[in-house]
Amino acid sequence: MTVVIQGGPGMSVQPLVSGVANLFGQLRPQSDLLMFEQRGVGVNTPNLSCSVAPAFASVQPSVFKAQAEECLAQYKAQGIHLADFNTRANADDVASLVKSLGYEQANLYGMSYGSRVAQEVVRRHPALVRSVILDGVLDPAESWASAQTKYMLHTLTRFGQACVAAGQCKEADLPDRIQRDADLIDSLGLTFPAYSAGQEEYLPLTGDFFLSYVHNLAYAAHGMLYLDQQLGKIEQRDIETLSGLPWDARNLWSGLNMGAFFAFACQDNAIDAASIEAAHAGLLPVFRRRGDLYKNLAGMCAEAGLTPAPDALTPIGGNVPMLLISGRYDAITPPELAERVAARFPNSKHVIFEDGGHVNGTGSECGAFTMLYFLNTLTVPDTSCAANRSLSGR
Numbered sequence: 001m002t003v004v005i006q007g008g009p010g011m012s013v014q015p016l017v018s019g020v021a022n023l024f025g026q027l028r029p030q031s032d033l034l035m036f037e038q039r040g041v042g043v044n045t046p047n048l049s050c051s052v053a054p055a056f057a058s059v060q061p062s063v064f065k066a067q068a069e070e071c072l073a074q075y076k077a078q079g080i081h082l083a084d085f086n087t088r089a090n091a092d093d094v095a096s097l098v099k100s101l102g103y104e105q106a107n108l109y110g111m112s113y114g115s116r117v118a119q120e121v122v123r124r125h126p127a128l129v130r131s132v133i134l135d136g137v138l139d140p141a142e143s144w145a146s147a148q149t150k151y152m153l154h155t156l157t158r159f160g161q162a163c164v165a166a167g168q169c170k171e172a173d174l175p176d177r178i179q180r181d182a183d184l185i186d187s188l189g190l191t192f193p194a195y196s197a198g199q200e201e202y203l204p205l206t207g208d209f210f211l212s213y214v215h216n217l218a219y220a221a222h223g224m225l226y227l228d229q230q231l232g233k234i235e236q237r238d239i240e241t242l243s244g245l246p247w248d249a250r251n252l253w254s255g256l257n258m259g260a261f262f263a264f265a266c267q268d269n270a271i272d273a274a275s276i277e278a279a280h281a282g283l284l285p286v287f288r289r290r291g292d293l294y295k296n297l298a299g300m301c302a303e304a305g306l307t308p309a310p311d312a313l314t315p316i317g318g319n320v321p322m323l324l325i326s327g328r329y330d331a332i333t334p335p336e337l338a339e340r341v342a343a344r345f346p347n348s349k350h351v352i353f354e355d356g357g358h359v360n361g362t363g364s365e366c367g368a369f370t371m372l373y374f375l376n377t378l379t380v381p382d383t384s385c386a387a388n389r390s391l392s393g394r
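Next up, the structure:
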């Protein structure tokens, strides 16, 4: 039996059911499949769904704080204890489900944040795990809130160089070009309408909104190819593109249950303003200002009284058979994170999709074949199909 663990934290597994079930049904028909829903998410009760807009925190901090406080008051009124919603609890829930269904062992397939849950299952319930696939790998020994902006900048640099070499992008130094476009947006003095407590107000359109848009595109290599076109439109001062940036920023982390996201993130990471400030020092200004978003997250963690578990940043290892999958141009969980995790699991194999972005196992025939071959044999097939370098997306 294979347990599918969704990402986020705070994303529902329900949108995956049809596609993943069909994939496993065709290629591994004799095996059962369990789609795991995280605590507080989807159809689970209590549900932590809450309206918080982190992308607006830098230009509308008072509204962000009010939204956060309203959510916390809502949880208190419902008798919800956010400390009960954490990765350790998710891992125990996976183990309980497997045992209650009568299985002695299970395979785990964790995507993005799901890779963090899968590693926690290995730590807490090692005898229950037959094998593990980690796709878009988080390293539990690192606070992603401090590192993610740096990874995005470094991945954009690598992608820009490769994209120019392939003749598909205008400039190799994508971060510098993004900074110039952010400066241009700042200089235009534009505003956009927003609503707070039923009242319309006009907020400044800044380069920070453009970086939120870049963050969304950076989940996939083909998204970064599209970024080259959008940079050109910004440079031409295309009003349609500029006016769309605030609404694109609203979709930052779209699909996430924000209450669950905050609860899990606060207890998995050592998040404090000083460490975030240090992690963003020396970056280009628009990337450095990205730290404000994570500082606001730190403030909400403190407001909620949520602190990291004692073992929150403790490395996890073991001898379980493990397949790790990365995309060369994954700006969210780059391959170096998987390399660190693989070093702690001697019975592991890391496959890098050279033209891939974030999460590659179910997005291509190559990824699906590699995963299912591993589940059937606990070995990895020839993966030359992962070496595509066309930069054309999958």
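In the working numbering, the protein residues as written are 1 to 394.
Every residue, glycine too, gets a C-beta built ideally from N, C-alpha and C.
Nothing here was measured: the structure is a model prediction, and the numbers come from that model.
Query, Result
"Going by Cα to Cα distance, which pick from 200, 284, 204, 249 is closest to residue 217?", "249"
"Please state if the CB of residue 122 and the CB of residue 325 are separated by a distance shorter than 8 Å.", "no"
"Return yes when the Cβ of residue 136 is within less than 8 Å of the Cβ of residue 333, no when it is not.", "yes"
"Report the three-state DSSP secondary structure of residue 327 (helix, strand or coil).", "strand"
"In the DSSP assignment, the alpha helix (DSSP H) including residue 262 goes from what residue to what residue?", "258-268"
"Is residue 169 near the ligand ATP, with its Cβ less than 7 Å from a heavy atom?", "What this structure holds is no ligand at all, so the ligand ATP is not there to describe."
"Using the Cα positions of residue 51 and residue 261, report the straight-line distance between them to the nearest angstrom.", "12 Å"
"With a cut-off of 8 Å on the beta carbons, I'd call residue 294 and residue 147 a contact; round off their distance for me.", "At roughly 10 Å, the Cβ-Cβ gap does not stay under 8 Å, so residue 294 and residue 147 are not in contact."
"When DSSP builds the beta bridges, which residues end up paired with residue 131?", "107"
"In chain order, what residues of the same chain have a beta carbon less than 6 Å from the beta carbon of residue 257, not counting five sequence neighbours either side?", "10, 41, 48, 49"
"Does the pairing of the stretch 84-100 with the stretch 30-40 give three or more beta-carbon distances under 8 Å?", "yes"
"Would you decide whether residue 268 is buried or exposed? Buried here means 16 or more other CB atoms lie within 10 Å of its CB.", "buried"
"Does the contact criterion of 3 or more C-beta pairs under 8 Å hold for the stretch 361-381 versus the stretch 163-171?", "no"
"My guess is that residue 133 and residue 323 are in contact by the Cβ rule of under 8 Å, so how many angstroms apart are they, rounded?", "5 Å"
"How many angstroms separate the CA atom of residue 186 from the CA atom of residue 301?", "30 Å"
"Taking three-plus beta-carbon pairs below 8 Å as touching, is the stretch 148-156 in contact with the stretch 173-182?", "yes"
"Can you list, in chain order, the residues of its chain with a C-beta nearer than 7 Å to that of residue 213? Leave out the 5 residues immediately preceding and following it.", "245, 248, 249"
"Are residue 192 and residue 203 touching if we call contact CB-CB under 8 Å?", "yes"
"Determine the burial state of residue 109: buried for a count of at least 16 other Cβ atoms within 10 Å of its Cβ, exposed for fewer.", "buried"
"Alpha carbons only, please: which of 352, 45, 63, 229 is nearest the one belonging to residue 199?", "63"
"Taking only three categories from DSSP, how would you classify residue 52?", "coil"
"When the distance is taken between beta carbons, is residue 219 closer than 8 Å to residue 358?", "yes"
"By alpha-carbon positions, which one of 127, 182, 140, 131 ends up nearest to residue 347?", "131"
"Quick check for students: name the residue ranges of the alpha helix (DSSP H) that lie wholly in the stretch 177-209, counting only runs of 4 or more.", "none"
"Do you know whose CA, among 354, 286, 310, 349, lies nearest residue 149's CA?", "286"
"Tell me the rounded alpha-carbon separation between residue 279 and residue 240.", "34 Å"
"Report buried or exposed for residue 106, applying the criterion of at least 16 other Cβ atoms within 10 angstroms of its Cβ.", "buried"
"Taking just the CA atoms, how far does residue 350 sit from residue 90?", "25 Å"
"Could you tell me which of 383, 337, 18 sits nearest to residue 141, measuring between CA atoms?", "337"
"Please classify residue 243 as buried or exposed, where buried requires at least 16 neighbouring CB atoms within 10 angstroms.", "exposed"
"What separation, rounded to the nearest whole angstrom, lies between the Cα atoms of residue 272 and residue 382?", "44 Å"
"Take residue 20 and list the residues in its own chain whose beta-carbon comes closer than 8 Å to its own, dropping the five residues that flank it on each side.", "4, 33, 35, 362"
"Within 10 angstroms of its Cβ, does residue 102 collect 16 or more other Cβ (buried), or is it exposed?", "exposed"
"Taking residue 289 and residue 139 to be in contact with their CB atoms under 8 Å, please state how far apart those CB atoms are, rounded to whole angstroms.", "Residue 289 to residue 139, Cβ: 25 Å. No contact."
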